[in-house]
Structure formats: structure tokens, C-alpha cells
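Visitor:
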Amino acid sequence: MATPVKTKPWRLLSALLVVVVGFGVWALFPGTDSSVRLGLDLQGGTQVILIPTPVVEGAVITDEQLAQTVEILRARVDSLGVVESEVTTAGSGNDAAIVVSVPGENQERLVDLVQQTALLNFRPVWNLLSPSPETTSEDTQSSTTAETGIVQADSNSAEFEAGLAALDCLNPANYSGGTPDNPELWLGTCEQTGAVKYSLQPAFIQGTNVQNASAELPQGGVGWVVNLEFDSEGATALANASTELSALPECGTGQSPCNAFAIVLDGVVVSAPRFNESILGGQASIEGDFTAQEARDLANVLKYGALPVTLEPVDITSISPTVGRDQLEAGLIAGGIGLIFVTLYLLFYYRVLGIVAGLSLLVAGGMTYFVFVVLSKTVGLTLSLAGVAGAIIAIGITADSFIVYFERIRDEIRDGKSLRQACDSGWIRARRTLLAADFISLLIAAVLYLLSVGSVRGFAFVLGLTTLMDIMIAFWFTHPVVVLLGRTKFMQRGSRWTGLDPERLGGISVADAMAGQSRRKRREVLT
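Under our numbering, residues 691 to 1217 are what the sequence shown spells out, in order.
#1: Output the residue ranges of the alpha helix (DSSP H) runs that lie fully inside the region 1050-1095 and measure 4 residues or longer, sorted by chain position.
#2: Out of Asp1114, Gly734 and Ala856, state which residue places its alpha-carbon closest to the alpha-carbon of Thr1172.
#3: Is it right to say Asn902 is buried, meaning 16 or more other beta carbons lie within 10 angstroms of its own, or is it exposed?
#4: If you reduce the DSSP assignment to three classes, tell me which class Leu763 lands in.
#5: So, are the CB atoms of Val1137 and Ala1081 less than 8 Å apart?
#6: Specify, as a first and last residue, the run of the alpha helix (DSSP H) that Pro699 falls within.
#7: What are the residues that DSSP puts in a beta bridge with Ile1006?
#8: State the CB to CB distance for the pair Arg813 and Leu854, rounded to an integer number of angstroms; the pair is presumed to be in contact (CB under 8 Å).
#9: Going by Cα to Cα distance, which pick from Gly1106, Ser1050 and Glu1019 is closest to Gln733?
#10: Put Thr778 into one of helix, strand or coil per three-state DSSP.
#11: Sort Ala780, Pro1170 and Ala1024 by Cα distance to Ala757 and report the nearest one.
#12: Entirely within the region 902-934 and at least 4 residues each: give me those alpha helix (DSSP H) ranges in chain order.
#13: Identify the continuous alpha helix (DSSP H) that holds Gln1278 and give its terminal residues.
#14: Can you give me the start and stop residues for the beta strand (DSSP E) that Val959 sits inside?
#15: What's the call for Leu1073, buried or exposed, on a 16-neighbour Cβ count within 10 Å?
#16: What span of residues does the alpha helix (DSSP H) with Pro1170 cover, start to end?
#17: First and last residue of the alpha helix (DSSP H) that includes Ile1130?
#18: For Phe980, which of helix, strand or coil comes out of DSSP?
#19: Should Gly1026 go down as buried or exposed, given a rule of 16 or more other Cβ atoms within 10 Å for buried?
#20: Measuring CA to CA, which of Leu1141, Arg727 and Ala1089 is closest to Asp1160?
#21: Return the CA-CA distance between Ser1145 and Ala856, expressed in angstroms with no decimal places.
#22: Across the region 885-899 and the region 914-933, are there enough close Cβ pairs to call them in contact, namely three or more that are closer than 8 Å?
#23: If the criterion is Cβ atoms closer than 8 Å, does the pair Asn821 and Ala885 meet it?
#24: Exposed or buried, which one is Gln882 when buried takes at least 16 other CB atoms within 10 Å?
#25: Looking at the secondary structure, which residues open and close the alpha helix (DSSP H) in which Phe812 lies?
#26: Give the DSSP-derived three-state secondary structure of Thr1156 in the structure shown.
#27: Quick one: what does DSSP say Glu849 is sitting in, helix, strand or coil?
#28: Quick one: grab the DSSP three-state call for Val789.
#29: Using the Cα positions of Leu763 and Val738, report the straight-line distance between them to the nearest angstrom.
#30: Which class does Ser1185 belong to by DSSP, given the choice of helix, strand or coil?
#31: Would you grab the beta carbon distance between Phe1165 and Gly1077 for me? Rounded to a whole angstrom, and I think it's under 8 Å.
#32: With DSSP run on the structure shown, which of helix, strand or coil describes Gln896?
#33: To which residues of the same chain is Leu875 closer than 7 Å at the C-beta, ignoring the five residues directly before and after it?
#34: Is there at least one Cβ from chain C nearer than 8 Å to Ser936's Cβ?
#35: For the alpha helix (DSSP H) that Leu890 lies in, which residues bound it at each end?
#36: Comparing C-alpha positions only, which one of Asn861, Ile1006, Leu703 and Asn872 sits nearest to Val789?
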């Protein structure tokens, strides 16, 4: 019996239309940037030169520490999207410099991100003070470290108290952060908005004990939180400290509680919650007046660990494109020429089916552009010349899908099936080959993306993305359009303009195949 036609082409085309229109509106919505972000090689960007210094004064910076720092910085930048960043080192040891280059002219958030030393300490709160400085004598004022915005001492001595009193937390320079503190010393510092001045005891947990961090908006919550997960050493320290502090009553000046602890990031207090009970299991949350972006940035900094060195930015400059727009235009022209030749070949060899292939390429190109723009807006996708090459390669991958399907249709007709049946049964066989080939491309793209950095990673991302576009267009556009064409009388006549004439079917015409099928049906009925 004949294979029943199960394809519902209009449903598939409607689904594709909804997806294309949705991404198109998202990409081209008035008042938003509707362009694709370009990489360093095509538009230039911002270059930051950082000088690493050892956390312990007088220590020697090793090659391992430099390599770890580069990996952490690269992970921070990449965590914000496929931004085609470059992180390199110049020199070695204590004379080394780290160069971070990011595409685009307005990359202040990325620059701030790589500058942060991410030295995190958890300290018991000893006292809260007014942010304004107190009137002191010259001898007392000399004990404050106004240049760094923090005060440190071996104990809660009179000199430490005097320096803390002189600290001006109303001065933005003193609560901007970026100054690492010694976790073994007492610390006098400011809250990150300058609203409160803190006297803090030595740290009971350091940032190196943070194993993971993530930003989250709790269900029913009113603000974003950063969830922390500690290693075994940190979990033990957290359990001991929380048990000890939660048992203490409120005390101190003003509203300072003895059961409070401060989360100190780069020398300033990020948050100062209380221990109401023992915290077991090594998990905690930082709650504060975070925006979504602030919570994500803090989580990214903490997630990739405390740097083994501190970083001082010595130069922030704009850099020109390393390749230039003329090469981009040349690449686009090359891609356009390749697309034209592929389309001409498909039209010459497959005729009407070639028109379907050309339309499929146009739809795939438009959809890919919309997705590029949306990803540029949302995850920071940046397109370099290597990415353009990945998109051009995808033209050949997509054309292969058409050829496999069209040739399967011809094979099914040679086997005596009608055109309507051939469009469906040929697709069932062709899609196996298509999915197998695309799976190999996706696997290659995934391996390249995971094991590479920089422009090669961008190439892999674009290759994988365009391969997914190929699958979607083949399933939701090419196949249903061919099915609809197969139901028309023009295609069923098998003229030379359909691409299914006897010359291309080895002497068998579509009409002969349909007539032979009708004879088989009659024999089956008589039998």
C-alpha cells in the first residue's frame, strides 16, 4: 500500500514564521541597537595593562601564578558572553605585565571587572561608627592610611582606634575598593556606599575557600542575592564561626551586634548580615541592595576565585582594529560570491527545487542575522573575522542538506513512488544523513569552543550556531515547501523546469512513476 502523507507543511511554516518574526522584532525593536557587535580585529576596542604584585610583600611571582591569573581574568570576561577578548602576558616574574584587550569603546564594566583583585574575607564585626571623621591631633591623624582607605593593626590598640576615627568614609576614594586587606590583622574600613564605618576582627574565612558563586532572585524575594558554596575547610570554619557568633548577644556602640559578620571584598564591606543560627553544610548567601547586573558581576568575580596576585592598572587605552573593515568587506564579498555561485549551481541543476534552496538560504541568512543581533544584546556575542569565516562555511553545510534531500527524492521516484510519496519518504531517509552530518559539525564546534580561546572560540561558536540554523531551516522550511510543491500539478507533470525530468531521473518520468503506482494499486485491489 502507498505510504500515507503525514507531513503538515503549513503548521511547520507557521511555526517558523512565528520564530522569525519574534527574533526580528527583538533584534530590530525601535530605540535599541540593531547591529552586530564586532570584535577587536574589526572595530578595535579597549586595552588595559595590569601590573601584578604579590599578595605577600617581598614574595616572588611565579609563572604558575601568572598563568592562573590569566585564566581567571579570561574566565571573568568570557563569563559575560562570547566577547572575543584577549588576555596575554608580557615579561615574567615580578617584572611581568598582563594585557587585557576587549572589543568596543564602551567597556567600562569589563575593565572594572578585570581590575578587581577579588580578595574576599569574612570578618566578625567589632563595632560600627559614624562615617564622618572625628577631630584628632596630628599624631592621631598620622596613623590612618587615607591613601588606601583602610586601617589595619595587629590588635584593637589605641593607635588602631585613632586611625579608624580619622578615616573619612564620606570620601568616595575611601569606599571605592580595590585595596586588598591582610586577613590576619584587624581592619577599619567603610561600607561600599560610604554610609557606615566598620571595626572588624581578623578573618575567619578567606575568599580562597569559596568554591562556587551564583546570582539568584529568590522566589517571593525582594532583591537579588549571591549564593556561595565553600570547600571543606571553609565549611568547617563557617560552622565554627556561626556557632560561636550566633550565641552572642547584641553589644557595642549604637546598633552594632556582636553576632554580626562583615563580607569584605577588596577592602570594603559588601554586606554585614547576622548569624542567627549555626550554618552547616558550607553554603551561605550574600544579601544586599543588589541590582541584577551587580549580583551577576559579584558572582562572576567570586566564582573564579581570588587572584594569587593583586593587579594595578597602569594604562587604559583605545586600540585600533587589527584587521580593519576593509578585510570585513572583503570577507563579506567573498561570502556573497560563494553564495551566488552555490545558488546558480542549484538553479541550473535542480531548477524549481533550486529556487526552494535559494529561498532557504535567504531565510537562513536572515534568521542568523537576527540571532546574532539578539545575542549581541543579551550575552555579548562579538563577531570577529574568524566568526565571519564560520558563517561562510555554514553556506556549504546548508547547501549539502538540500542536495541530500533532493537526491533522495529522485531515488524514491526511480523506485516507482509518486512525487507526493517521494517528498515524504525521501525526507525520512535524508534527515538521517542530514542529522548525522550536522551532529559531526556540532561536535567539532563544541570541542573547539571548550578547548580554545579568543577568535578560534568565536569561530566555533558561530559554526555551531549556524549548524543549528541549518537544521531548523531544513525541518521547518525546505521540507514543508518541497512537500507543498510536490502536491502541485506542475511538479507532477515532471517538465524539464522542475528538475525532475526523465533526463535527470535516468529515463523515468514522474508521470511514468505515478502510472506504475496506479497499476500496482489496481493489481492489489484485484488480488
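Think of the CB as a built atom: it goes at the ideal place given N, C-alpha and C, for glycine as much as any other residue.
Guide: This is what the structure holds:
#1: Listed in chain order, nothing qualifies, since the region 1050-1095 has no complete alpha helix (DSSP H) run of 4 or more residues.
#2: Here residue 1172 refers to the residue found at position 482 of the sequence shown. First, the amino acid is wrong: residue 1172 is Val here, not Thr. The shortest Cα separation from Val1172 among Asp1114, Gly734 and Ala856 belongs to Asp1114.
#3: Sequence index remark: in the sequence shown, residue 902 carries index 212 (1-based). Under a 10 Å Cβ-count criterion, Asn902 is classified as exposed, with fewer than 16 other Cβ atoms of the shown protein chains found around its own Cβ.
#4: Looking up residue 763 in the sequence shown gives position 73. Helix at Leu763.
#5: As a first step, residue 1137 must be located in the sequence shown, where it is residue number 447. As a first step, residue 1081 must be located in the sequence shown, where it is residue number 391. The criterion of a C-beta distance shorter than 8 Å is not satisfied by Val1137 and Ala1081.
#6: Working through the sequence shown from its first residue, we reach residue 699 at position 9. Taken as a continuous stretch (DSSP letters only), the alpha helix (DSSP H) holding Pro699 covers Pro699 to Leu718.
#7: Taking the first residue of the sequence shown as 1, we reach residue 1006 at position 316. Bridge partners of Ile1006: Val738.
#8: Residue 813 sits at position 123 when you count from the first residue of the sequence shown. Residue 854 sits at position 164 when you count from the first residue of the sequence shown. With a Cβ gap of about 14 Å, Arg813 and Leu854 do not count as contacting.
#9: As a position in the sequence shown, residue 733 is number 43, starting the count at 1. Of the listed residues, the one whose Cα sits closest to Gln733 is Glu1019.
#10: By 1-based counting over the sequence shown, the position of residue 778 is 88. The answer is strand: DSSP assigns Thr778 an E or B state.
#11: Counting from one through the sequence shown, the residue named residue 757 turns up at place 67. Minimum Cα distance to Ala757 is reached at Ala780.
#12: Qualifying alpha helix (DSSP H) stretches: none in this window.
#13: Here the chain covers residues 691 to 1217 and nothing more, so residue 1278 does not appear.
#14: Position 269 of the sequence shown, counting from 1, holds the residue named residue 959. The continuous beta strand (DSSP E) containing Val959 extends over residues Val958 to Ser961.
#15: Against the sequence shown, residue 1073 aligns to sequence position 383. With 16 or more other Cβ atoms inside 10 Å of its own Cβ, Leu1073 counts as buried.
#16: Here residue 1170 refers to the residue found at position 480 of the sequence shown. Start and end: His1169 to Gly1176.
#17: In the sequence shown, the residue the question calls residue 1130 occupies position 440. Looking at the DSSP string, the run of the alpha helix (DSSP H) that includes Ile1130 is Leu1109 to Leu1141.
#18: Position 290 of the sequence shown, counted from the start, is the residue given in the question as residue 980. Reduced to three states, the DSSP call for Phe980 is strand.
#19: Position 336 of the sequence shown, counted from the start, is the residue given in the question as residue 1026. So Gly1026 ends up on the exposed side.
#20: Locating residue 1160 in the sequence shown gives position 470, counting from the first residue. Taking only the C-alpha atoms, the option nearest Asp1160 is Ala1089.
#21: Within the sequence shown, the letter at position 455 stands for residue 1145. Within the sequence shown, the letter at position 166 stands for residue 856. One C-alpha to the other measures close to 51 Å.
#22: Verdict: yes, contact present.
#23: For the purposes of this step, residue 821 is taken as the residue at position 131 of the sequence shown. For the purposes of this step, residue 885 is taken as the residue at position 195 of the sequence shown. Note that residue 821 corresponds to Pro in the displayed sequence, not to Asn. Yes; because the gap between Cβ atoms is below 8 Å, this pair is in contact.
#24: Residue numbering aside, residue 882 sits at position 192 when the sequence shown is read from its first letter. Here Gln882 is buried: its Cβ has 16 or more other Cβ atoms, across all protein chains shown, within 10 Å.
#25: Position 122 of the sequence shown, counting from 1, holds the residue named residue 812. Element bounds for Phe812: not the alpha helix (DSSP H) but the beta strand (DSSP E), Leu810 to Leu819.
#26: Stepping through the sequence shown from its first residue, residue 1156 is reached at position 466. Correct three-state label for Thr1156: helix.
#27: What you label residue 849 is simply residue 159 of the sequence shown in a count that begins at 1. Correct three-state label for Glu849: helix.
#28: For this step, residue 789 is matched to residue 99 along the sequence shown. Here Val789 sits in strand by DSSP.
#29: Counting from one through the sequence shown, the residue named residue 763 turns up at place 73. Counting from one through the sequence shown, the residue named residue 738 turns up at place 48. When rounded, the distance between both Cα atoms is 12 Å.
#30: In the sequence shown, residue 1185 corresponds to position 495, counting from 1. Three-state result, Ser1185: coil.
#31: Along the sequence shown, read from residue 1 onward, the residue named residue 1165 stands at position 475. Along the sequence shown, read from residue 1 onward, the residue named residue 1077 stands at position 387. Rounded to the nearest angstrom, the Cβ distance from Phe1165 to Gly1077 is 25 Å, too far for a contact under 8 Å.
#32: For the purposes of this step, residue 896 is identified with residue 206 of the sequence shown, where counting begins at 1. Gln896: strand per DSSP, three-state reduction.
#33: Residue 875 sits at position 185 when you count from the first residue of the sequence shown. Correct list, in chain order: Gln842, Ala843, Asp844 and Pro892.
#34: The displayed structure is made up of one protein chain only, and chain C is not part of it.
#35: Position 200 of the sequence shown, counted from the start, is the residue given in the question as residue 890. Leu890 -> not in any alpha helix (DSSP H); beta strand (DSSP E) instead, spanning Lys887 to Leu890.
#36: For this step, residue 789 is matched to residue 99 along the sequence shown. Closest option to Val789, Cα to Cα, is Ile1006.
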